[in-house]
Every structure is written in C-alpha cells, then in structure tokens.
Amino acid sequence: MKRVTFVAVLGAVALALALIGLGGEGREAQAAPAAATTVQVELKEFSITANPASVPAGDVQFVASNTGTMDHEMVIIKTDLAPDAIPVVDNKASEDAPGVQVVDEIAEFEAGTQQTKTVNLEAGNYVLICNIPGHYQSGMRVAFTVTGAAATATPSPAPGTTSVQVDLKEFSVTANPSTVPAGEVQFVVSNTRHHGARAGDRQDRPGSGRHTSGRQQGK
39 MKRVTFVAVL GAVALALALI GLGGEGREAQ AAPAAATTVQ VELKEFSITA NPASVPAGDV
99 QFVASNTGTM DHEMVIIKTD LAPDAIPVVD NKASEDAPGV QVVDEIAEFE AGTQQTKTVN
159 LEAGNYVLIC NIPGHYQSGM RVAFTVTGAA ATATPSPAPG TTSVQVDLKE FSVTANPSTV
219 PAGEVQFVVS NTRHHGARAG DRQDRPGSGR HTSGRQQGK
C-alpha cells in the first residue's frame, strides 16, 4: 500500500493556513451542528419525571409520554423559583407571575399517547409542569436544569478518510500521525500560537486531494 510521509507537505500546509488567516480574518471554523439532547418525560396522576433532569444548553428534544388515565400537558418554564413556589391563580400556576417565563409547551394530549417537541434552551433553571387546573398543585411539577453549552465535537472523517491532527505554534508544525495511507486525508488543524491570528483558531479541512507520487516527492 502506498503511504504518504508529511515532511515538506507540512510546510505547504502551514503556508496555506497563514494565507487563510490573512485573507479570511474573522472567519469561523466550520463544525458539525450539535445534535439535540433527548429528554424522556413521563406524566401521570399526579407527577412529572424527566430523565435526564440536567442537559447542556442548545436544542433539547422532549419526548413526553402520558402514562396516566387523563389528559395532561407539559409547560416549560424558566424560573429561579422552587418547583412548588410558583403562585397559583384560578386553580392554575400563574404563567404571568414575576420571575416566571413560559418558554414553550406541549398542549394537552390524551392518556396512553406520546408527544415530541424540540426547543432551544439557554443555560438556567427551569420547571416542567402540567398546568391543567388543579394538576400543578397536586404535584405535577419537576425541576429541570440547563447547563453551559456542550463542547462542539470535531467532525468525524468520512469512511475511508484518514484524520491527521496538526498543531501550529511559534515556530513549529507537528502532525499526528505523520505517515498515512494514500487517499483522502482530513487535516484537523489547531493554531496554538500567541500572536497574529487568534490563538486557539481551529480549521477542520477534509483531504483536499488524492496524493500522486509526484506530489509525495515534492515535484
């Protein structure tokens, strides 16, 4: 099997990245969008459970199952109040009370059915409730926490693509691994230098071509 060794090639990579930094200042590295976090919610007479009860900020998919014997709903409230401390007005939790922000909801749905909703949530404290008259006071409320956003994952290389981690700093370039099979190569480049372009910049670049023997020899 043909193999490619990165010696002079790394110099070309460093030069290309420097030109990218000069010509595209402020351009962010592309990354795969984060997948929604799934939360299983069970509603029944008279309780709500959420699993998990804490998730990272971003898209959250609520899969709500009504395992009770009557209709229920799920209201997502952002608040620092305790789950049982929301003021009650007209036999319901007040959705207009100070410190209470209704973010979204799954409307009433029948017993034995399931509803799904995806909501983008910022970090903070939340309460999930059923606000059909009398249900909140009877115990249908649960605390829910959203933490800081999860770290963005490096895109996985396509099948058959070799991933190479490249680190650039004053004044060196390292590649791991430094030898790969011929074919598609994904360079995952981290700029750890402390001057010029922003330190910590990262570029994920799928292999830009299939290396020929001429390129391997620097011809």
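Sequential numbering of the sequence shown, starting at 39, is according to the working numbering.
We treat Cβ as the ideally placed atom computed from N, Cα and C, and that holds for glycine.
None of these values were measured; they are calculated from a predicted model.
Of all the options the options, which has the alpha carbon lying nearest to the alpha carbon of residue i?
| i | options | result |
| --- | --- | --- |
| residue 222 | 212, 207, 210, 202 | 202 |
| residue 220 | 199, 98, 145, 152 | 199 |
| residue 229 | 206, 184, 93 | 206 |
| residue 85 | 176, 154, 163 | 176 |
| residue 169 | 150, 151, 129 | 129 |
| residue 224 | 210, 211, 196 | 196 |
| residue 123 | 100, 155, 174 | 174 |
Using the rule of at least 16 other Cβ atoms within 10 Å of the residue's Cβ for burial, across every protein chain shown, is residue i buried or exposed?
| i | result |
| --- | --- |
| residue 161 | exposed |
| residue 208 | exposed |
| residue 121 | buried |
| residue 77 | buried |
| residue 284 | In the structure as shown, the chain begins at 39 and stops at 257. Residue 284 is therefore absent and cannot be evaluated. |
| residue 232 | Here residue 232 scores only 45 on pLDDT, less than 50, and its place in the model should not be relied on; the value that follows carries that caveat. So residue 232 ends up on the exposed side. |
| residue 153 | buried |
| residue 65 | Residue placement at residue 65 is poorly supported in this model, since its pLDDT is 43, which falls under 50; the coordinates still yield a value, given next. Burial call: exposed. |
| residue 213 | buried |
| residue 60 | With a pLDDT of only 42 at residue 60, under 50, the local geometry of the prediction cannot be trusted, and no value is derived from it. |
Spatial neighbours of residue i within its chain, please: C-beta separation below 6 Å, excluding the five flanking residues on both sides.
| i | result |
| --- | --- |
| residue 80 | 87, 103, 105 |
| residue 83 | 106 |
| residue 72 | 96 |
| residue 257 | Interpretation of residue 257 is limited by its pLDDT of 39, a score under 50 that renders its predicted location unreliable; the figure taken from the coordinates is listed afterwards. Once the five neighbours on either side are set aside, residue 257 has no close Cβ partner at all. |
| residue 75 | 93, 98 |
| residue 100 | 77, 79, 155 |
In its own chain, which residues sit with a C-beta less than 7 Å from the C-beta of residue i, not counting the 5 before and 5 after it?
| i | result |
| --- | --- |
| residue 125 | 132, 135 |
| residue 148 | 104, 109 |
| residue 171 | 129, 130 |
| residue 151 | 104 |
| residue 210 | none |
Take residue i and list the residues in its own chain whose beta-carbon comes closer than 8 Å to its own, dropping the five residues that flank it on each side.
| i | result |
| --- | --- |
| residue 139 | 115, 116, 117 |
| residue 141 | 114, 115, 116, 157, 159, 164 |
| residue 92 | 182, 183, 184, 185 |
| residue 137 | 117, 118, 119 |
| residue 146 | 109, 110, 111, 170 |
With the cut-off set at 8 Å, would you say residue i and residue j are in Cβ contact?
| i | j | result |
| --- | --- | --- |
| residue 157 | residue 166 | no |
| residue 20 | residue 90 | Since the first residue shown for the chain is 39 and the last is 257, residue 20 is missing from the structure and cannot be characterised. |
| residue 144 | residue 178 | no |
| residue 204 | residue 218 | no |
Any heavy atom of the ligand MG closer than 7 Å to the CB of residue i?
| i | result |
| --- | --- |
| residue 80 | No copy of the ligand MG appears in this structure; indeed no ligand is present at all. |
Q) Enumerated in chain order, which unbroken segments of the alpha helix (DSSP H) with a length of 4 residues or greater are wholly contained in the region 157–207? A) none
**Q.** Complete runs of the beta strand (DSSP E) confined to the region 81–163 [at least 3 residues]
**A.** 85–89, 92–94, 96–104, 110–116, 139–147, 152–159
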